[in-house]
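Report on the structure given below.
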Amino acid sequence: MRRPILVCLPLITLLSLFLSSSCQIDHQTHALLQFKAGLNDPLNHLASWTNATSPCHFFGVRCGDGSATVTEISLSTMNLSGGISPSVGALRGLTRLELDANALSGPVPPELGGCTQLQFLNLSCNGLSGELPDLSSLAALEVLDVASNGFTGRFPAWVSNLSGLTTLSVGMNSYDPGETPASIGNLKNLTYLYLAGSSLTGAMPDSIFGLTALETLDMSTNNLAGPIPAAIGNLRNLWQIELYKNNLTGELPPELGKLTKLREIDVSRNQLRGGIPAAFAALKGFTVIQLYHNNLSGPIPEEWGDLRSLTSFSIYENGFSGEFPANFGRFSPLNSVDISENGFTGPFPRFLCHGRSLQFLLALQNGFSGEFPEEYSACKSLQRFRINKNRFTGSLPEGLWGLPAATIIDVSDNGFTGAMSPLIGQAQNLNQLWLQNNNLGGAIPPEIGRLGQVQKLYLSNNSFSGPIPAAIGSLSQLTALHLEENALTGALPADIGGCARLVEIDVSRNALTGPVPASLSLLASLNSLNLSHNQLAGAIPASLQALKLSSVDFSANRLTGSVPPGLLVIAGDEAFAGNPGLCVDGRSELVAACDVGGGHRGGLARRSAVLVPVLVAATLLLVAGILHVSYRSFKQEELRRRDVEHGGRGQWKLESFHPLELDADEICGVGDESLIGSGGTGRVYRLELKGRGGVVAVKRLWKGDAGRVMAAEMAILGKVRHRNILKLHACLSRGELHFIVYEYMPRGNLHQALRREAAKGGGGGGRPELDWPRRCRIAHGAAKGLMYLHHDCTPAIIHRDIKSTNILLDEDYEPKIADFGIARIAEDSSDSELSCFAGTHGYLAPGERAFLLSRSDAVMDSISISSPTGY
């Protein structure tokens, strides 16, 4: 009996191993299929995950060498959505889990802590939410990356227990505000620490500066305060420091000079002051230096002219001064230089494009003088070139006119002379050309008509002469044409009607002759037209009344005939003064009255007697029927993918409704320090535009309903023009980011003004902020805005949310109706086209005036401090 038993032992052992392996495979298959069941896989990457296949052969799954144990799951960037199943925690042999760059949502299951052999965990760039569970049981973990999700609650201080970590990336989440845990200093093996966007407050903890193996330190986009500690000099292996967008103060510590491996430093958007320490300036290995938006001062170190690897240099919005180092860029492959808004003087450095790779050169608002260096004629790589608001003289180097890759050329507000080169026709990617306020002369070359992408041409206040080239009519993307204050002659070309997207035309203060071209009426987007102070003759085309103009000026010409009444409503008499041959129907102190027979006037009176009651009755019926009209929805337009300017992905989509110089990056970068309000559709910021833009209000829409809100605002505010309706400048969108740019209302909204008045209690002496004349003016203006929406727009627009918070006040307490996010157009047909009479109710029949005053009383009742909406 003994011998048969010995013979069977190997068989029993093999059978036992087989059964064990089979059970393990079944167990893992079950766990993985449960995981798959919780996912949405639109591209069918997980088709191989079935019961009929060994899990070791599943797509994205690997098993250990010579075993059936699942050790790795790698499903990065697979367009997966859904949640992470707790079943993953049953894969006890798992060492690597990569699910980053998908669209996963929901919480991280605590069961994941059962994968105790896990060494690499990457869940970054998803939509995971909730509080991160305690995963400190993962003692073998070396890489933990959960950045760029939607995690909330307390900062995960338990990570300090994972002593084997070399990479810790938990930033860009929505943790509760709090100080950086000092226990982070326990992670002595860390080489990469990413805590950006983690709502961290207070000072940088000293314990971090004991992490001597650290190579990358990123604590940007937090609310850190106090100075940069001198102990940062202990981190001798650092090559990247990212501390931008905090509240750091004090000076740059000289101890930074000890970091001989440092390649990249970004401490922008803080409150740092003082100069560049000599020890720091002596470092030779820089590739990126970002110091912008601080209070730094003094000269730029001459040593930086010898840097060999520098690619990006940005120091704008500081107080640096003196002459810029002459050799700067001579030995570096510079890609981006922004030295704007400082106090530099003397000659401009010659070598910034010596490496022929410079794409962004911005040096606006300094005191550079002399001729601009000829070396830049060969800088064909330039995409954004802005040297405006300096003291340059002489001719612009010939090659700069024809930059083939340039999207913006801005040399305005200098003393440049000479002519515009025909090479301008080679700049076929040009989007904006700013030449105004120089001493440029000669003819505008016809080659300008080759700029098929150009949207803005600002050539004003120069000495350009000769005719306006007819080739300008080929510029189909042009939105703003400024040629005012030159010496241009000849006729305004009829070809201008081909510029279908034009929003603003200003050719005033030239010597133009001939008629006002009727082709201007083809410009459906035209908002502002200034032809004043020329020698134009003939009649003003009546067809211009059909345009949605908010500003016109025909004054000081030789025009004749009757002023079209629709244009008179928009601009008033002043816009037509100085034309002896013009006349208006009615009284005017500035323009002659047209000679109309008594019978004609009597006919007008008889028609008015009939029309007034009809208009009043129609208005009352419309107001009474507001609650019964049908409303149609606006579909959200498809948006491009989110991007940044230097990353080479999608671009901002801009819809402009009024002429204004906008920089998408400037709008997107508006911070909480500029926050002025928050409401149901988004947060509102005050933004002072760089350069010539003035102040605007920027609303960043909440996610979710942003597309609908933006579509409603564009569909309504983009088409209406009235002094009591808030002006919409532009809408910008990219991916999930949606911004709306409005005119800025310095007095806030009516609700705020009423509360300020109530808080004063009538004491303190002086004129009350809202005395009765101002209150009546506000009520009257709001009523006029509503009348315009109800009567002058076809179909009528019903706001549906008139309350004191939606009536904004300008500097002079003129009211503006705002927030059309839930407004509707009173028309059942989805094909109906919205059109509004362009202008204000400047000329109302007596019956309409009486009705208007009655509505003013109603508006005043509705905007009392105890409003029914609870605001």
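Using mature numbering (1 follows the signal peptide of the UniProt record, and there is no 0), the letters of the sequence shown correspond one by one to residues -23 to -1, 1 to 848.
No residue lacks a Cβ here, since even glycine has one placed at the ideal position from N, Cα and C.
Asked	Found
Selected residue, minimal CA-CA separation from residue 95, among 677, 341, 142, 542	142
Chain-order list of residues whose beta-carbon lies under 8 angstroms from that of residue 55 (same chain, five-residue window excluded)	18, 20, 22, 37, 79
Residue from 41, 724, 451 with nearest C-alpha to residue 471	451
Closest residue to residue 462 among 745, 792, 441 (Cα-Cα distance)	441
Selection from 135, 667, 97 that minimises the alpha carbon distance to residue 159	135
Buried versus exposed, by CB contacts within 10 Å (16 or more), residue 140	exposed
Those runs of the alpha helix (DSSP H) which lie wholly inside the segment 241 to 309 and span at least 4 residues	255 to 258
Environment of residue 291 [buried if 16+ CB atoms lie within 10 Å]	buried
Whole-number beta carbon distance between residue 493 and residue 508, since they are thought to touch under 8 angstroms	7 angstroms
Sequence-distant residues of its chain with Cβ nearer than 6 angstroms to residue 152 (five each side left out)	132, 175, 176
Limits of the alpha helix (DSSP H) - the one that residue 546 falls within	542 to 548
Span of the beta strand (DSSP E) around residue 40	38 to 40
Minimum length 4: unbroken alpha helix (DSSP H) runs contained in the segment 166 to 214	none
In DSSP terms, what residue 411 is bridged to	387, 435
Cα-Cα separation between residue 106 and residue 127, rounded to whole angstroms	5 angstroms
Alpha-carbon spacing of residue 438 relative to residue 362, whole angstroms	21 angstroms
Residue 224 (DSSP reduced to helix, strand or coil)	strand
Beta-carbon gap between residue 400 and residue 417 smaller than 9 angstroms	no
Element boundaries [alpha helix (DSSP H), containing residue 356]	Residue 356 -> no alpha helix (DSSP H), and no H or E assigned at all.
Per DSSP, the bridge partner or partners of residue 75	51, 99
Bridge partner(s) assigned by DSSP for residue 5	Paired residues: none, contrary to the question.
Residue span of the beta strand (DSSP E) that contains residue 653, given as start and end	652 to 655
Beta-carbon proximity of residue 703 to residue 795, cut-off 9 angstroms	yes
Beta-carbon gap between residue 269 and residue 245 smaller than 9 angstroms	yes
Selected residue, minimal CA-CA separation from residue 355, among 348, 339, 328, 340	328
Separation of residue 110 from residue 90, as counted between CA atoms	9 angstroms
Check whether residue 445 and residue 474 have beta carbons under 9 angstroms apart	no
Close-in-space but distant-in-sequence residues of the same chain around residue 178 (CB under 8 angstroms, 5 per side omitted)	154, 155, 156, 199, 200, 201, 202
Bridge partner(s) assigned by DSSP for residue 658	Bridge partners of residue 658: none, in fact.
Alpha-carbon to alpha-carbon, residue 511 and residue 484	8 angstroms
Contact check, residue 116 vs residue 149, beta carbons under 9 angstroms	no
Straight-line gap, residue 63 to residue 82 (C-alpha atoms, nearest Å)	14 angstroms
Exposure label - residue 699; buried when at least 16 CB within 10 Å	buried
Residue 533 versus residue 394 - alpha carbon distance	29 angstroms
9 angstroms Cβ cutoff met for residue 701 and residue 793	yes
For residue 782, three-class secondary structure by DSSP	helix
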